[in-house]
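Take a look at the structure set out below.
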Amino acid sequence: MRRVRRVRRIGAGRRYGPVMATRIDLTLDCSDAKLLAEFWKTALGYVDEPPPAPFETREEWFAQFDLPEDDSVDDAQWLCDPDGAGPRLSLLKVPEPKTAKNRLHLDIRVPGHGSTAERWARISAESERLVEAGGSVLATFDEHHVVMADPEGNEFCVAAGAA
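In the numbering used here, the protein residues as written are 213 to 375.
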């Protein structure tokens with residue numbers, strides 16, 4: 213059961229609504245964290261997450277851990293929504309390749325207003341933009357959504373959001 217808390221919203225009168233009790237981060241295993249970071253920054257409009265305080269760089273932060281010499285700060289990338297609204301995305305290098313369909317995938321939503329043809333045009337344009345960034349189209353469900361894969365084959369969809 214999801215726990216929610218009631219909060220007072222500022223505006224005309226009192227309005228109460230549910231708020232998520234916890235934030236989530238997403239972690240994606242991969243073989244090339246830098247490659248996927250560039251793709252997902254383009255796809256989501258995310259930026260590199262700054263290192264945790266008091267560290268100036270990720271390299272400085274990484275050096276504090278007692279890790280094997282073959283581990284590198286390049287084995288992981290951390291991305292965040294510059295507006296702070298979306299979840300953090302961590303990309304972690306793992307030795308084993310992807311072998312099956314994702315159990316969880318992201319849906320990238322384009323604006324859902326307008327006619328079916330207008331929504332489909334936005335879905336198609338976003339899909340084309342992501343192909344240019346290194347993604348690939350796996351399936352097209354005309355006028356509804358496009359199933360895509362990032363450069364390492366991780367599935368995601370492009371669809372219209374709520375109108």
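Glycine included, each C-beta is placed from N, C-alpha and C at the ideal position.
Inter-residue spacing [alpha-carbon to alpha-carbon] between residue i and residue j
i, j, result
"Glu268", "Gly326", "46 Å"
"Cys242", "Asn366", "9 Å"
"Glu355", "Glu344", "21 Å"
"His317", "Leu342", "16 Å"
"Gly324", "Ala275", "45 Å"
"Gly373", "Pro262", "30 Å"
Coil, strand or helix - residue i by DSSP
i, result
"Val306", "coil"
"Glu355", "coil"
"Arg270", "helix"
"Ala312", "coil"
"Ile320", "strand"
"Arg300", "strand"
"Thr254", "helix"
"Leu291", "strand"
"Asp286", "helix"
"Thr239", "strand"
"Leu279", "coil"
"Ser327", "coil"
Cβ-Cβ separation, residue j to residue i (assumed contact under 8 Å), whole Å
i, j, result
"Leu304", "Lys253", "Between Lys253 and Leu304 the Cβ distance is about 16 Å, and since that is not below 8 Å, they are no contact."
"Asp319", "Phe368", "7 Å"
"Glu376", "Leu248", "The question about residue 376 has no answer here: the residues shown for the chain are numbered 213 through 375."
"Leu191", "Leu350", "Because the chain here runs from 213 to 375, residue 191 falls outside it and cannot be looked at."
Status (buried if at least 16 other CB within 10 Å, exposed otherwise) for residue i
i, result
"Ile236", "exposed"
"Gly347", "buried"
"Ala245", "buried"
"Val306", "exposed"
"Leu279", "exposed"
"Phe353", "exposed"
"Val259", "exposed"
"Phe277", "exposed"
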